[in-house]
Structure formats: structure tokens, C-alpha cells
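S.K.: Sharing a structure, written as C-alpha cells. Questions coming.
In C-alpha cells form, the structure reads like this:
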């Protein structure tokens, strides 16, 4: 099965879902330009997800991707969470604030979420993709029966093999260079931290599934490189952050256009799971080896967002989740459709 042909893409690229940053307008612009636009609904209620899918569908008649988080259901850990809140309290005090009294599970998972699954089956997006793991067998069967092409992030051959056995149609090979959250299925196991080039070759040769490469790809030459390594396409995220259609705020855009883009860090302190972002005050704080264990995902995100809000209320930055991959210095701010066209031209010039 060739996903490029099935989806009718004229440019072999996926715009990464980027929860909190992507928008239906961004996805529609990318899809209308010949790529595969994506929205992320892993942070949304079923009602809000329905709104965004409907908005996207009204803006394009081309295929698009709806992405969901599929992490193990969060389990509260009161002692660990209390220690993490205590460690962050001095920073809150700098801004005349206090951390939340207790943490909440602010983001749902698709696992054990019949309302979200029913919504997806009803809307039947052309593509549904999964991050952090795989949904239940029945969920995969229901989505395939609805006609959805299914994608899963994989950071290793073990994860890729699990995806193939579960019935996933294609993989997003997420290299260590990629921005945003690592898609590892189990954060309790060692991460081999495979780079995009090595991972792409490995999965293309051994997984038995079509592969989209992700991580550090910012231009048409990068797309050509992963195609030559056996990928059927590339997924680009950081390349699209600076597009006017995204939700990126002014501070995020300014940082991405500055020397700050040269420095990215992989940390778990912001959300409770490893993620690559631009270096800032939070990443510097998180580098302290004496800190207690970070609260579990996504409960740590509750206090991370509260800290960012407290700092911004006092006119201070440096605590937001400015996700970015190692290719960030190559960002080119422009409308999404223009960027897709430029990528297509650059790719064609490599032939």
C-alpha cells in the first residue's frame, strides 16, 4: 500500500500535528497545497475535537490527518507529585504566586475513551495518527472499518513491529532530532535515541510498513535525503511553526527567529514526558541533578502551564513550552501554502 498514492498527495509530506500550535487553518492550507495537513485533538474534549474536524473539513476537500495521544492512563502519585510541587514553589514565589495545591490529569488518552472513538468513527477522517502508543484492538478495527488510514509514531524497530502487528498502515519514524514530545511507547524503558537517518533506514528495511521520516527536516533537500533512504515521505513540524496560520504566540515566534533557535533541549520537566524544546529558564532549572522525580505525564503539565501563566502575568517569559527540533535555525516564516510550494520546488530541483 502506497499512502502517497492512496491519499493523492502531490508533495510527499505531512505537516506534523503539533498539539497547541497547529490549527484547522494551517492543516487546510497544507492539504490544499498538496501535502497532508494535520490537527491534534489529544488535548481536546470530544466536543472540541468535533468542532476542529468540522472546521477543517469545511476548508478543504483534500485528505487530512487527525492525531491523538495514546499514552497509558495516568495514575496519581501523591508523594511524587507533592515533591515536584515543592521543588517548583520557589519559582512561583518569584512571581508572587503559588503552585496548584494538587495536580490534575489535564489531557485524556484515546485508551478507554469511547466518546472520542465514537466521534472519530462518525467523522471518519481520511487519516488518523497515534502518538505515545497504540489504541485497543477494537479501536483500530473500528477506525479501519470506517475507512481511515492509520499512522503511528515509532522511535524504534520494536515499536514499529508492534504497530505492524496491530494493523497500523504506515509509520512516522521520529528521530531524536525531532521537536515536541518523544513518541516512545514506554518511558520506563531505555530510549536508544536513534537519529532520523538511522531510524528511517532501519524501519524502511525491516518494519514491513511505509515510513514517513520526521526530525530535523526543514527543506526539500531534507525530504529528498529521507526518500533516498527508503522513506515514502517526510513529516515536518518545526518548519511550519512560524507560519501565520499557527497558534504560536509572539514570544515563540521571536525565539524561533533568534539565536535561541540554535539551542534545543530534551527534557521531561515541562510535561512529565521527554520533549525537545528551545532552551529557556525552565530547561535550565530542570538541569539541576538534585531535583526530585518529575510528576507523571500529563499531570506535570498542569503545574508547568500554571508556572508559565504566573510568569507571563508578571511580564516574564522563559517557562513556556516552545517545542522545536534541531533544525530550528533553518525556519522560514511564510504562509503555509507558500512553504509547501517552496518545499515542492526544492524537492524537484534535487532530481
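Numbering (our numbering), first residue to last: 15 to 365. From the three backbone atoms N, C-alpha and C, an ideal C-beta is built for every residue, glycine too.
1) Return the Cβ separation of residue 184 and residue 165 in integer angstroms, given the expectation that the two are a contact with Cβ distance under 8 Å.
2) Looking only at DSSP bridge pairs, what is residue 184 linked to?
3) Is the CB-CB distance between residue 351 and residue 47 below 8 Å?
4) Is residue 84 near residue 149, with beta carbons less than 8 Å apart?
5) Classify residue 347 as buried or exposed, calling it buried when 16 or more other Cβ atoms lie within 10 Å of its own Cβ.
6) Ends of the alpha helix (DSSP H) at residue 280?
7) How should residue 169 be labelled, buried or exposed, when 16 other C-beta atoms within 10 angstroms of its C-beta is the threshold for buried?
8) Report, in whole angstroms, the separation of the C-beta atoms of residue 130 and residue 60, which I expect to be a contact under 8 Å.
9) Within this structure, are the beta carbons of residue 287 and residue 95 separated by less than 8 Å?
10) State the start and end residues of the unbroken beta strand (DSSP E) segment that holds residue 215.
11) Going by C-alpha to C-alpha distance, which of 42, 203 and 317 sits closest to residue 80?
12) Between the region 228 to 246 and the region 336 to 345, are three or more C-beta pairs nearer than 8 Å?
13) Between residue 152 and chain B, is the shortest Cβ-Cβ distance under 8 Å, so that the two count as touching?
14) Mind reading off the beta-carbon distance from residue 113 to residue 258? Whole number of angstroms is fine, and I expect it under 8 Å.
15) Helix or strand or just coil, what does DSSP make of residue 143?
16) Could you round the C-beta distance between residue 26 and residue 18 to whole angstroms and report it? I think they count as a contact, below 8 Å.
17) Which value, in whole angstroms, describes the spacing of the CA atoms of residue 243 and residue 362?
18) Report the three-state DSSP secondary structure of residue 368 (helix, strand or coil).
19) For the region 24 to 108, which segments carrying the alpha helix (DSSP H) assignment without a break, of at least 4 residues, lie completely within its bounds, in sequence order?
20) Out of 309, 271, 121 and 101, point me to the one whose CA is closest to residue 87's CA.
21) What would DSSP say about residue 250, mapped onto helix, strand or coil?
22) Does the separation of the CB atoms of residue 188 and residue 160 fall below 8 Å?
23) Would residue 251 pass as a contact of residue 285 if the rule is Cβ separation under 8 Å?
24) Determine the direct distance from the alpha carbon of residue 354 to that of residue 240, and round the result to whole angstroms.
25) For residue 196, which residues in the same chain have their Cβ closer than 6 Å to its Cβ, ignoring the five residues on either side in sequence?
26) Given that a residue counts as buried once 16 or more other Cβ atoms are within 10 Å of its Cβ, and exposed if not, what is residue 303?
27) With DSSP run on the structure shown, which of helix, strand or coil describes residue 240?
28) Checking 8 Å against the spacing of the C-beta atoms, do residue 181 and residue 154 come in under that value?
29) What residue range is occupied by the uninterrupted alpha helix (DSSP H) comprising residue 21?
30) Give me the Cα-Cα distance between residue 66 and residue 53, rounded to the nearest whole angstrom.
31) Should residue 230 be listed as close to the ligand GDP, given that the test is whether its C-beta is under 7 Å from any heavy atom?
32) Determine the contact status of residue 290 and residue 279, defining contact as a CB-CB distance below 8 Å.
33) Do residue 255 and residue 262 have their C-beta atoms within less than 8 Å of each other?
34) Can you pull the DSSP bridge partners for residue 190?
35) Residue 110 to residue 330, Cα distance in whole Å?
36) Taking residue 260 as the reference, give the member of 24, 38, 305 and 213 with the closest Cα.
M.R.: By the coordinates alone:
1) 5 Å
2) 165
3) yes
4) yes
5) Here residue 347 is exposed, its C-beta having fewer than 16 other C-beta atoms within 10 Å.
6) Not the alpha helix (DSSP H): residue 280 falls in the beta strand (DSSP E), residues 278 to 281.
7) buried
8) About 5 Å separates the two Cβ atoms, so the contact holds.
9) no
10) From DSSP, residue 215 is part of no beta strand (DSSP E) but of the alpha helix (DSSP H) over 210 to 220.
11) Looking at the Cα atoms, 42 is the closest of the given residues.
12) yes
13) Chain labels in this structure do not include chain B; a single protein chain is all it has.
14) Not confirmed; about 35 Å, so no contact.
15) strand
16) 5 Å
17) 17 Å
18) Outside the displayed span of the chain (15 to 365) sits residue 368, for which this structure offers no information.
19) 38 to 46, 60 to 73 and 92 to 108
20) Per the Cα distances, 121.
21) The answer is strand: DSSP assigns residue 250 an E or B state.
22) no
23) no
24) 17 Å
25) 288
26) exposed
27) Three-state DSSP puts residue 240 in a helix.
28) yes
29) 17 to 21
30) Per the coordinates, the alpha-carbon of residue 66 lies some 8 Å from the alpha-carbon of residue 53.
31) The ligand content of the structure shown is nil, which means the ligand GDP is not present either.
32) yes
33) yes
34) According to DSSP, which records beta bridges pairwise, residue 190 is partnered with nothing at all.
35) 12 Å
36) Ranking 24, 38, 305 and 213 by Cα distance to residue 260 puts 38 first.
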